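Chains as they are written, first to last, in this note's numbering: chain A, 10 to 280; chain B, 1084 to 1448.
One structure below.
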Amino acid sequence: MKQIWLVLREQIKYFPVILRLARYETRAKYMDHSLGVLWDIINPVMQIATYWLVFGVGLRQGGATNGIPYIGWLVIGQAAWLFLNTSFMDATWSIRNNVRQVSKMNFPISIMPSVRTWINVIPFFITLGVGVAIAVVSGVHLTMHAWQFIYYFFAMLVFLHALGIFNATITVLFPDYQQLIQTIMRFVFWFSGAVIDIAQKLGPSHARIGRLIEMNPFYYLISGVRDSFLSTGWIWDHPSQNIAFWSFVLVVLLLGSHLHLKFRAYFADLV
Amino acid sequence: MTEDMKTAVYEPNDPRGLNEPFLPVSVAKQLDLPGNQNTLNSPLKVSGRYITKEYDMGTSRNEKIQAILNPIKANKEKFWGLKGISFDVYEGDVVGVVGVNGSGKSTLLNILSGALVETSGRLKIKGQTSLLSVWDGLRDNLTGLENIRLKSLMMGLSNKEIDNQIDDIAEFSELGKFIKQPVKNYSSGMRSKLGFSIAVHQDPDIMIIDEALSVGDQTFTRKALNKMKEFKAAGKTIFFVSHALGQIEEFTDKTMWIQYGELRAYGDTKTILQEYKDWTKWYNQLDDDVKKSYVDARKQAQNDFNRDQLAERIAADRHLSDGEKKKIARDNAVGGRLSWWNWLIAFSGTGVMIYAVYLYMYLGR
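Given below as structure tokens:
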């Protein structure tokens, strides 16, 4: 448990550095593009538009279920998914790609995954804002449920920190792990509820499988963000999901922090 | 010369009369070397005791990972880059490090800067260290200015602090218009100028300079040396590696001579450099085959070195208390194992998760 605190303490101590580096990387990324950071908005919008065409219009996924228009449901879920997925994947290679650069200076390498997360926070808020606006325009009312977003955003940060440290450390040791994660994430996308409500699709005859899929942490976070803005549920409505999510995060955080501290002195030897 | 003499391993008292000018001091007496004396009563800055670095000659990364995970189950091929080096360095010391290529100089400096971890031994450092190495830490696709900003950010400076000094750094680097060009277009001299300029503006307590001054042209080297003299005047501790003995002579007070992983001499620069030059002269006049057998024997000793030999050396040192000896002989390896109650948390956490999944899946709550 001490390991968790040791790694966490670096995140807190170097939080200003994390923000500055995130800002710098964002600027550097689009340095030679004339549209600059606009691409951070154009890309997700195009992606969401594609899903809307395919599932909303093409496959007639639904007009409104329970009075919630599909487009609002889709955009809010997609915003959360893109944030989680991008940060998650970027964090996985963040240490491996930067070890060379920072190995000869006094730099807390454990903040690298967090930097990747914070790079994506602003684009996330923008896409989420667009999603909420679309939902409101198409007739959804924001209620007290919206406050739950604070909790879910916090949960996202903890989740990304835990998995980021764990994945980034393992990737340094075994580069194949990154490929594996990439493959897994392609599956997780369909099970995360980002574009289709998988449980509803499976129907009552496969309710158990549907519920099993709903237990994955990505689903938990994405549906949580939807619950907040579409007022479809409270945090305490699903106690076993809460327990499963947090115990998973705790175990990953413990193992990830431990492995990170154990191996970080050797990162430079291994890359 | 008979055939078997040619292949014979070099011995200090070789019948051919090749007596080496002086042999390394007994390892157990390293701390008696004159360099360790604190003549000015300054605070201790860096203190190393029997620092070793064991390189694993396993080629695949799996072998490397195995070596880290399980240091006891020894791999066949080992190479001891450092065989137990002890020294003290005080505030305001400027220490030159000399030695032939592959002697372990860079390994030692990398350990001092924290880039590598010593295999065993104890290293105490008071203050921030900064390794000045030209080739690392610059991103090729960013311009000079952007690299300055990025590196400064990583060193924890705020944007305001960077804005205040970025012009100074750019000017010091003498890159002119090239400062706005991507670093990939730089020559090696330009890179070294940029790296040096960034590093000297970070103001560390202990500065480690690894051959960085030998790349730039004469005028820049001069300027850089002057900058280093400012640091020296300000009482900073500096380690300085260079093959240019002139620079070492001009700039340092003490010199360490490291050879084949051992500290061979440590004392004031003049004496040590003279010894080093004598040795080089002696070595150069040897026949090629003798040179080869000399080097091979030393390298073989670095291969064959082991923990028992190290323990013997440590045991013979009269500067250390018994408690310290025990501590120093132990491997620094790999943070501990997960404690039993952490395992308990991990297992019970997994258990709780599985139970929660089961509850929801079967009972829907």
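Idealized CB from N, CA, C, for every residue including glycine.
Note that the structure is predicted; figures quoted are calculated from it, not measured.
Cβ-Cβ distances below 7 Å link I174(A) to V16, S119, P122, G265, S266, H269 in the same chain, with the five nearest sequence neighbours on each side left out; the list follows chain order. Boundaries of the beta strand (DSSP E) harbouring E1345(B): 1345 to 1351, taken from the DSSP string.
I80(A) counts as buried, since at least 16 other C-beta atoms from the protein chains shown sit within 10 angstroms of its C-beta. Taking C-beta separations shorter than 6 Å and ignoring five residues to either side along the sequence, the partners of I1208(B) in its chain run V1129, following chain order.
C-alpha of H1402(B) to C-alpha of L1114(B): approximately 7 Å in a straight line. Excluding residues up to 5 positions away in sequence, Y79, I80, L83 lie with their Cβ nearer than 7 Å to the Cβ of G65(A) in the same chain. From the listed residues W102(A), W90(A), Y186(A), S147(A), the smallest Cα separation to V130(A) is found for W90(A). Contact of Q250(A) with chain B is assigned, a C-beta pair being separated by under 8 Å.
Spanning the alpha carbons of K38(A) and I159(A) requires a straight line of approximately 29 Å. The Cβ-Cβ distance between L1258(B) and G1227(B) falls below 8 Å. Taking 8 Å as the cut-off, the beta carbon of D1336(B) is found closer than this to the beta carbon of V1177(B).
With its beta carbon less than 8 Å from one in chain B, A37(A) belongs to the interface.
H1326(B) counts as exposed, since fewer than 16 other beta carbons sit within 10 angstroms of its beta carbon.
By the Cβ-count criterion, W243(A) is exposed, with fewer than 16 other Cβ atoms from all chains shown falling within 10 Å of its own Cβ. Nearest in C-alpha terms to Q20(A), of all of S232(A), F116(A), F257(A), N106(A), is F116(A).
Spanning the alpha carbons of K1310(B) and V1283(B) requires a straight line of approximately 8 Å. When the Cα atoms are used, R36(A) and G45(A) turn out to be separated by approximately 8 Å.
The stretch 1434 to 1445 of chain B makes contact with the stretch 248 to 259 of chain A, as at least three CB pairs between them are under 8 Å.
A direct Cα-to-Cα measurement between R217(A) and A142(A) gives close to 34 Å. Contact with chain A is found for A1429(B), since one of that chain's Cβ atoms lies less than 8 Å from the residue's Cβ. For Y1445(B), there is no enclosing beta strand (DSSP E), as DSSP marks it with neither H nor E. For F175(A), no Cβ of chain B is located within less than 8 Å of the residue's own Cβ.
Contact with chain A is found for R1232(B), since one of that chain's Cβ atoms lies less than 8 Å from the residue's Cβ.
For I1262(B) and A1253(B), the gap between their C-alpha atoms comes out near 7 Å. For the 8 Å CB-CB criterion, L1221(B) and R1274(B) form a contact. The Cβ of H267(A) sits closer than 8 Å to at least one Cβ of chain B.
By the rule that beta-carbons nearer than 8 Å mark a contact, E1229(B) touches chain A. For T1320(B), the secondary structure class from DSSP, reduced to helix, strand or coil, is strand.
At a beta-carbon threshold of 9 Å, none of the residues of chain B lie near F238(A); the nearest stands roughly 24 Å away. Here the stretch 1183 to 1192 of chain B makes contact with the stretch 1158 to 1172 of chain B; the two share three or more CB pairs at distances below 8 Å. In terms of CA proximity to A203(A), G86(A) leads the group G86(A), Y275(A), L93(A). Put simply, the CB of Q110(A) is near chain B, with a gap under 8 Å to one of its CB atoms.
Taking 8 Å as the cut-off, the Cβ atoms of I1321(B) and I1281(B) do not count as close. Looking at the DSSP output, Q1342(B) bridges to E1345(B).
In this structure the stretch 230 to 242 of chain A lies against the stretch 141 to 156 of chain A, because at least three pairs of beta carbons, one per stretch, are closer than 8 Å. Residues of the stretch 1433 to 1444 of chain B with a C-beta atom less than 8 Å from some C-beta of chain A are T1433, V1435, M1436, A1439, V1440, L1442, Y1443, M1444, listed in chain order.
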